[in-house]
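In my numbering, the protein residues as written are 328 to 489.
We put the CB at the ideal spot given by N, CA and C, even for glycine.
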């Protein structure tokens, strides 16, 4: 029997052998256009922005604007950190249950939304993370989060609850 719950951009279908993430509506279509099923495209965009920030740091420093150069340097360093942190992420829409190592739930805190981190092994044997973002508080997030937690617990997928 299929169980499903609402996500930020569509639905998460929990099947006996796999988890399937579908995208619906305008947000889902936009997400599909920007990210697709690969994390490479957003990482390339971040890399290009990082190169621009590095250029700005050098340019501002050379014209004597050290304060603005330092600000741009901090932003560039933060972006570089986030790029390295995101390399192990995946945007795959299908995760086979026999490849799942763990599922961690992260509660929504101030100005964030709740999400699941699914750690799995891809077809190349590499450990990847897939974030399943749940709806925000403005779009029925509390109810959707409760429903998602019940389904993940019933299916025995949830390994850690934070």
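Worksheet item: Can you tell me where the beta strand (DSSP E) with residue 439 in it begins and where it stops?
Response: Per DSSP, residue 439 belongs to no beta strand (DSSP E) and is neither H nor E.
Fill in: CA-to-CA distance, residue 393 to residue 435, given in whole angstroms
38 Å
Discussion item. If you follow the alpha helix (DSSP H) that residue 371 is in, where does it begin and where does it stop?
Written reply: 367 to 389
Worksheet item: Are there 16 or more other CB atoms within 10 angstroms of the CB of residue 477, so buried, or fewer, so exposed?
Response: exposed
Worksheet item: What is the DSSP secondary structure of residue 477, reduced to helix, strand or coil?
Response: helix
Worksheet item: Name the DSSP bridge partner or partners of residue 350?
Response: 337
Worksheet item: So, are the CB atoms of residue 415 and residue 455 less than 8 Å apart?
Response: yes
Item to complete: Please name the residue, chosen from 409, 475, 346, 399, that lies closest to residue 369 on a Cα-to-Cα basis.
Response: 409
Worksheet entry | Own chain, CB closer than 8 Å to residue 367, minus 5 neighbours either side, in chain order | none
Worksheet item: CB residue 380 to CB residue 402, shorter than 8 Å?
Response: yes
Worksheet item: If we count Cβ pairs, one from each stretch, closer than 8 Å, do we get three or more for the stretch 385 to 400 versus the stretch 340 to 347?
Response: no
Discussion item. Can you tell me where the alpha helix (DSSP H) holding residue 429 begins and where it ends?
Written reply: Not the alpha helix (DSSP H): residue 429 falls in the beta strand (DSSP E), residues 427 to 433.
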